[in-house]
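Below is one structure, written out as structure tokens, with a few remarks after it.
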Amino acid sequence: MKDIIKSVIVEFQQRELPLLKRRLINIRHDIPMITTLIGSRRSGKTYLLYQVVSKLYEQGIERRNVLFINFEDDRLNFSSFTDLDLILQSFTELYPDIKLADTYFFFDEIQNVNGWERFVRRIFDNYSKHIFVTGSNSRLLSTEIASSLRGRNVIYTVYPLCFKEYMDFLETPYNIINPQNRSLVLAQSKRFLTEGGFPEVIDFDYDTRINVLQSYYNTMMYRDIVERYSIGDVSLFRFFLKKIFANITKPLSINKIYNELKSQGYKVSNNYLYDYEQYVYAVFLCVAISKFDFSEIKQLKSEKKTYAIDTGLLGAIEFSMSQSFGKLLENAVLLELIKAGKEVYYYKNKSECDFLVRSQDGTLLPIQVSWNMTASTTIKRELKGIAEACSGLSLSEGLIITFDKKDEIVYNDLHINILPFYQWAYELRT
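Going by the numbering used here, the letters in the sequence shown line up with residues 189 to 618, in that order.
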């Protein structure tokens, strides 16, 4: 086993890192903490580690001082944290002259090794303060970090590309004053809504992209959930997932899914379904927001509105969604808000407002999302939702995000901005 580990270590040190495109996430490499990156599979966590390694090389750190292990390398088999000590043994045998205190440790997708946090903590406490960890399961990582690494770590959540990063990756200039370039930006925004922001698939043709995104979904479903949590009835779980994705952007009713399962002849308890729901969030397959309430208890007990982690992934696994541009737009707006670190809820009384965003200073902003604002019934519905939220929360302004319309209106003494998605999303991150 040590010979294999040595080969893995040396292979990484000798390889040339791929050409890297900068993202808006700035991972600090000079703080004495365990740096933890969590997020969905293929969202770019490994490439962010590569960027850290690249910075180290630029600053004169020798390649020999970088120990990088990808725990999904099928040559490696660590059954428990006690086996992980072989990594330290292998490294010191390779480089007996290098102090572990001067070594930078990178552990990619380590979460599936039971007890990994004890190994990492031992390195941090006794040897090196330069440790970087990634994982694709927030539930596992948060539990283990809370129990063993509290106060010793800093956490970054990595999502697929936001719209600004997507534009940067495509090298599309953001110039909306020039009509011709504005048309290009608009076209790229529609492409972003339908294709999503997973970095790997940006340049793929349609068929390849769909196949790759479906493979992401299957890996998260089978490997990260079914195998990890020992789910016995796979067909039941697939039915549950299908219901979640068919009801994206709507409040999720576990009781309703339970009754549908019963009508289909499945035998399952509500508790299992609530567990399934948490697994889906834990592996970053979906994200959820709560109904806004000044009572935290009521907020926690409210039905969650569920959204896919990526609009391209959503369209690849639920074909009807690929043509539902209004839902894709709403999903994309929620993701942009989360990627920007915003605190997001939905508001519902007699009418519903898609999102309610709370700023750090406590200011609330109601947001409605509508593909277009041409039909009078659509305009009335969107304005009514914002007006009710403003009335209930004593607010005086709101925002409507559309695909391509820009305007500014006054409705019942409320100031309402109407912005196209491309402008709102791009300027959110500038």
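Cβ coordinates follow ideal geometry from the N, Cα and C atoms, glycine included.
### Task
Look up R546 in the DSSP assignment and give the residues it is bridged to.
Indexing the sequence shown from 1 puts residue 546 at position 358. BP columns for R546 point to E531, L552.
### Query
If we call anything under 8 Å between Cβ atoms a contact, is I219 one with V346?
If you number the sequence shown from 1, residue 219 lands on position 31. If you number the sequence shown from 1, residue 346 lands on position 158. With respect to the 8 Å criterion, I219 and V346 are not classified as neighbours on the basis of their beta carbons.
#### Entry: Length-filtered (3 minimum) beta strand (DSSP E) runs lying within the segment 269 to 331
Scanning the segment 269 to 331 for uninterrupted beta strand (DSSP E) segments of 3 residues or longer gives 292 to 296, 319 to 323, listed from N- to C-terminal end.
### Task
Verify whether the separation of the beta carbon atoms of E506 and S441 is less than 8 Å.
Sequence index remark: in the sequence shown, residue 506 carries index 318 (1-based). Sequence index remark: in the sequence shown, residue 441 carries index 253 (1-based). If you check the CB distance, E506 and S441 do not come in under 8 Å.
### Query
Is the segment 356 to 373 touching the segment 537 to 554, taking contact as three or more C-beta pairs under 8 Å?
Taking a contact to require three or more Cβ pairs closer than 8 Å, the segment 356 to 373 and the segment 537 to 554 do not qualify as touching.
### Query
In this structure, does DSSP put G500 in helix, strand or coil?
The residue labelled residue 500 in the question sits at position 312 within the sequence shown. Note: G500 maps to helix in three-state DSSP.
### Task
Could you check what DSSP says for C619 in three-state terms: helix, strand or coil?
This structure leaves residue 619 out entirely; the chain is present only between 189 and 618.
### Task
Check the C-beta distance from L581 over to L552 and give it rounded, since I have them as a contact under 8 Å.
Taking the sequence shown and counting its residues from 1, one reaches residue 581 at position 393. Taking the sequence shown and counting its residues from 1, one reaches residue 552 at position 364. Confirmed, Cβ separation roughly 6 Å.
### Query
Candidates I298, T618, A577: which alpha carbon is nearest S267's?
As a position in the sequence shown, residue 267 is number 79, starting the count at 1. S267 has its Cα closest to that of I298, out of I298, T618, A577.
### Message
For a minimum of 4 consecutive residues, which ranges assigned as the alpha helix (DSSP H) are wholly contained in the segment 382 to 442?
### Response
For the segment 382 to 442, the full-length alpha helix (DSSP H) segments reaching 4 residues or more read 394 to 406, 422 to 434 along the chain.
### Query
For V557, does the count of other Cβ atoms within 10 angstroms reach 16, so buried, or fall short, so exposed?
As a first step, residue 557 must be located in the sequence shown, where it is residue number 369. Label assigned to V557: buried.
### Cα-Cα separation, Y462 to G550
For this step, residue 462 is matched to residue 274 along the sequence shown. For this step, residue 550 is matched to residue 362 along the sequence shown. Y462 and G550 have their alpha carbons spaced roughly 31 Å apart.
#### Entry: Residue nearest to P348 in terms of C-alpha spacing, selected from L424, L401, I311
The residue given as residue 348 occupies position 160 in the sequence shown. Comparing Cα positions, the closest option is L401.
### Task
Can you tell me which of the three DSSP states C350 falls into?
Position 162 of the sequence shown holds residue 350. Reduced to three states, the DSSP call for C350 is coil.
### Query
Which residues mark the beginning and the end of the alpha helix (DSSP H) in which L463 is found?
On the sequence shown, residue 463 is found 275 positions in, with the first residue counted as 1. It should be noted that the sequence gives Asp, not Leu, for residue 463. Note, D463: alpha helix (DSSP H), 458 to 470.
### Task
Ignore the nearest five residues each way along the sequence and tell me which others in E524's own chain have a CB closer than 7 Å to its CB.
The residue you call residue 524 lines up with position 336 of the sequence shown. Taken in chain order, the residues that qualify are C350, F351, A613, L616.
### Task
Taking only the alpha-carbon atoms, compute the straight-line gap between N605 and V521 and give it to the nearest angstrom.
As a first step, residue 605 is located in the sequence shown; it is residue number 417 there, counting from the start. As a first step, residue 521 is located in the sequence shown; it is residue number 333 there, counting from the start. Between the C-alpha atoms of N605 and V521 there is a straight-line separation of about 15 Å.
### Message
Taking the alpha-carbon of K378 as reference, which of E518, E531, N600, H603 has the nearest alpha-carbon?
### Response
Counting from one through the sequence shown, the residue named residue 378 turns up at place 190. Distances from the alpha-carbon of K378 to those of E518, E531, N600, H603 put E518 closest.
### Task
Could you have a look at F357 and say whether DSSP puts it in helix, strand or coil?
As a working note, residue 357 is residue 169 in the sequence shown. In the structure shown, the three-state DSSP call for F357 is helix.
### Query
Do the segment 499 to 515 and the segment 254 to 261 touch if we need at least three Cβ pairs shorter than 8 Å?
The segment 499 to 515, when compared against the segment 254 to 261, does not touch it at the 8 Å Cβ threshold.
### Task
Leaving aside the five residues before and after C474 along the sequence, list all residues of the same chain whose C-beta is less than 7 Å from its C-beta, in chain order.
Locating residue 474 in the sequence shown gives position 286, counting from the first residue. Once the five neighbours on either side are set aside, the close Cβ partners of C474 are I432, V468, T494, Y495, A496, I497.
### Query
Do the segment 268 to 286 and the segment 190 to 207 make contact, defined as three or more Cβ pairs closer than 8 Å?
With a cut-off of 8 Å on Cβ pairs, the segment 268 to 286 is in contact with the segment 190 to 207, counting three or more such pairs.
### Cβ contact (3+ pairs, closer than 8 Å) linking the segment 528 to 540 and the segment 470 to 489
Because the criterion of three Cβ pairs below 8 Å is met, the segment 528 to 540 and the segment 470 to 489 touch.
### Message
Rounding to the nearest angstrom, what Cα-Cα distance links D273 and R251 in this structure?
### Response
Taking the first residue of the sequence shown as position 1, residue 273 is located at position 85. Taking the first residue of the sequence shown as position 1, residue 251 is located at position 63. Roughly 21 Å separates the two Cα atoms.
### Query
Three-state secondary structure (DSSP) at G453?
Counting from 1 along the sequence shown, the entry for residue 453 is found at position 265. Three-state DSSP puts G453 in coil, outside helix and strand.
### Query
Taking the alpha carbon of F591 as the point to measure from, which residue in P608, I398, S418, V196 has its own alpha carbon closest?
By 1-based counting over the sequence shown, the position of residue 591 is 403. Selected option, being the one with the closest Cα: P608.
### Message
Could you check whether the segment 444 to 459 touches the segment 387 to 407, counting it as contact only if at least three pairs of C-beta atoms, one from each stretch, sit closer than 8 Å?
### Response
No, the segment 444 to 459 does not touch the segment 387 to 407.
#### Entry: Spatially closest choice to T322 from A476, I588, S231, L424, by CA coordinates
Position 134 of the sequence shown, counted from the first residue, corresponds to residue 322. For the residues A476, I588, S231, L424, the minimum Cα distance to T322 belongs to S231.
### Query
Which residues mark the beginning and the end of the beta strand (DSSP E) in which V597 is found?
Here residue 597 refers to the residue found at position 409 of the sequence shown. Sequence check: residue 597 is Ile here, not Val. That run of the beta strand (DSSP E) goes 595 to 599.
### Task
Could you check if G384 is buried or exposed, using at least 16 other CB atoms within 10 Å of its CB as the buried criterion?
Your numbering for residue 384 matches position 196 in the sequence shown. With 16 or more Cβ atoms within 10 Å of its Cβ, G384 is classed as buried.
### Query
Does the beta-carbon of L208 have 16 or more other beta-carbons within 10 angstroms, so that it is buried, or is it exposed?
Locating residue 208 in the sequence shown gives position 20, counting from the first residue. Label assigned to L208: exposed.
### Contact set for A434: own chain, Cβ-Cβ below 7 Å, skip 5 residues either direction
By 1-based counting over the sequence shown, the position of residue 434 is 246. Answer for A434: E506, listed in chain order.
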